[in-house]
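In UniProt numbering, the protein residues as written are 1 to 485.
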């Protein structure tokens, strides 16, 4: 693919991906804002347990084939069609097999996850595994072709459906069932719409030799995905087994809300970044330039968002969840702060490894992180729930340090360049934070909090225009040019 064509496709993809993700990610927090008024943290704790089980099973049904179909440079269209058929049939077969095994051992699985009474609920909810698997191959093909416009409508509809189904069910007392039914209907709608819009159709073709080749390529992607799952869920697993469903719901729903805010920025960029870097994998200069440009752009948005949520966590909690969730304020604040640094220095690293065909590096990175994370959670758990919350949050900085080492040692990225690349966004954010701290001393009234946030936002924009006008002009020009297409 020519560089100009790649830039054009990436720009068009960025536009549609951004629109899609912003719309979808706005719907999710709005849904949670409403549900938090009707459902107690215990209900979210139950759903967290189920989501944890479904997400783990889903790793095996995908088997890393999504990454294979996006990253692989096929010889011709026929080879790609054959690989797609093999991936689809394998995914769906594994998905149904996993659903059957989960139904068979539902009580034991629920007990291991810390909720022994949820066996039947787990078995029913796991219908989401084959539904998700059915559409995963179409999603990979759309992303490979930078066809994010086709993903737009499906994603929006699948995000709206849980809102119009879950909220009424919660209002009439369905508790956690309202969340399960709503999410299942959303996944079903997504599968139907992507299947209808996809040009590819399954064929009666299967080749075990091709499966072996695909799996040998994807096995490290699968191992990486499993290690990432443990990184994301080990804390919830420990909390579910050591504390009540109330604390599990309080903890995980708070993290989900912060991640929803952060993903307003990142979710539209990461799929495109992987696709673009995969096409640039043989050009180190352009490869690194794309990474640095993306990292800096994200820094301008994520750093002030993370610091702002940390400084105004009480206000954010009251708006998002209501007074019954006020305990979540400290969780939301500390997680937003560390997440901002994790996103700009760690989260994109996995896309670099995978796009270079080296997912084993991401797997090794995750294993190293887990060797610190698991003991940290187990030890801090003995001192209570809040000790675990703060320890789990702060240990993310260890992952950032290891990420620096990996990017320097294996990918040839300069530590100095990575740090200097975000120096101006960080300085602007620190100046904004000092102003916010000063304004908070004037009054604690809600109205004044909103006014001070507007003042901080204005000052932040002023700072970045003053110290980095060229970068801002480049970003504006980039999006203006792409939007015109």
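Glycine residues also receive a C-beta, built at the ideal position from the N, C-alpha and C atoms.
Small disclaimer: the values here were computed from a predicted structure and weren't measured.
Continuous alpha helix (DSSP H) stretch holding residue i: start and end
{"i": "residue 314", "result": "313-320"}
{"i": "residue 82", "result": "77-104"}
{"i": "residue 424", "result": "423-440"}
{"i": "residue 247", "result": "245-266"}
{"i": "residue 128", "result": "128-144"}
{"i": "residue 396", "result": "396-411"}
{"i": "residue 372", "result": "359-381"}
{"i": "residue 356", "result": "Premise fails: residue 356 is in no alpha helix (DSSP H) and is neither H nor E."}
{"i": "residue 241", "result": "208-242"}
{"i": "residue 117", "result": "Run containing residue 117: none; DSSP gives neither H nor E here."}
{"i": "residue 174", "result": "Premise fails: residue 174 is in no alpha helix (DSSP H) and is neither H nor E."}
{"i": "residue 200", "result": "No alpha helix (DSSP H) holds residue 200; DSSP gives it neither H nor E."}
{"i": "residue 333", "result": "328-342"}
{"i": "residue 417", "result": "415-420"}
{"i": "residue 460", "result": "446-467"}
Cβ pair residue i, residue j closer than 8 Å
{"i": "residue 460", "j": "residue 414", "result": "no"}
{"i": "residue 65", "j": "residue 218", "result": "yes"}
{"i": "residue 223", "j": "residue 363", "result": "yes"}
{"i": "residue 188", "j": "residue 48", "result": "no"}
{"i": "residue 144", "j": "residue 59", "result": "no"}
{"i": "residue 235", "j": "residue 456", "result": "no"}
{"i": "residue 92", "j": "residue 134", "result": "yes"}
{"i": "residue 290", "j": "residue 277", "result": "yes"}
{"i": "residue 54", "j": "residue 125", "result": "yes"}
{"i": "residue 139", "j": "residue 151", "result": "yes"}
{"i": "residue 90", "j": "residue 211", "result": "yes"}
{"i": "residue 266", "j": "residue 349", "result": "no"}
{"i": "residue 359", "j": "residue 449", "result": "no"}
{"i": "residue 31", "j": "residue 166", "result": "yes"}
{"i": "residue 295", "j": "residue 421", "result": "yes"}
{"i": "residue 366", "j": "residue 451", "result": "no"}
{"i": "residue 205", "j": "residue 75", "result": "no"}
{"i": "residue 463", "j": "residue 432", "result": "yes"}
{"i": "residue 225", "j": "residue 190", "result": "no"}
{"i": "residue 389", "j": "residue 331", "result": "yes"}
{"i": "residue 424", "j": "residue 465", "result": "no"}
{"i": "residue 86", "j": "residue 207", "result": "yes"}
{"i": "residue 46", "j": "residue 131", "result": "no"}
{"i": "residue 307", "j": "residue 340", "result": "yes"}
Anticipated Cβ contact below 8 Å, residue i with residue j, distance rounded
{"i": "residue 129", "j": "residue 98", "result": "6 Å"}
{"i": "residue 161", "j": "residue 186", "result": "5 Å"}
{"i": "residue 115", "j": "residue 328", "result": "No, residue 115 and residue 328 are not in contact; Cβ-Cβ is about 20 Å, not under 8 Å."}
{"i": "residue 238", "j": "residue 269", "result": "The Cβ separation is near 31 Å, so there is no contact."}
{"i": "residue 357", "j": "residue 400", "result": "Not a contact, Cβ separation roughly 24 Å."}
{"i": "residue 216", "j": "residue 281", "result": "That belief does not hold up - the Cβ atoms of residue 216 and residue 281 are roughly 19 Å apart, past 8 Å."}
{"i": "residue 43", "j": "residue 102", "result": "With a Cβ gap of about 21 Å, residue 43 and residue 102 do not count as contacting."}
{"i": "residue 273", "j": "residue 351", "result": "5 Å"}
Residue i CB to nearest heavy atom of the ligand HEM below 7 Å
{"i": "residue 336", "result": "Of the ligands one can find in the structure shown there are none, so the ligand HEM has no counterpart to examine."}
Within-8 Å CB hit, residue i to chain B
{"i": "residue 180", "result": "Absent here is chain B; the protein component of the structure consists of one chain."}
* Between the stretch 297-313 and the stretch 436-452, do three or more beta carbon pairs fall short of 8 Å? -> yes
* Would you call the stretch 189-208 and the stretch 330-338 in contact, with 3 or more CB pairs under 8 Å? -> Under the three-pair Cβ rule at 8 Å, the stretch 189-208 does not count as touching the stretch 330-338.
* Can you find at least 3 beta carbon pairs, one from the stretch 249-269 and one from the stretch 370-379, that sit closer than 8 Å? -> no
* Any chance the stretch 377-390 sits against the stretch 298-310, with 3 or more Cβ pairs inside 8 Å? -> No: fewer than three Cβ pairs fall under 8 Å.
* Just checking, does the stretch 103-118 make contact with the stretch 316-328 on the three C-beta pairs under 8 Å criterion? -> no
* At least 3 beta-carbon pairs within less than 8 Å: the stretch 159-174 vs the stretch 199-214 -> no
* Contact between the stretch 164-180 and the stretch 31-47: three or more CB pairs below 8 Å? -> Contact between the stretch 164-180 and the stretch 31-47 is established, with three or more Cβ pairs separated by less than 8 Å.
* Three or more C-beta pairs below 8 Å linking the stretch 279-287 and the stretch 399-410 -> no
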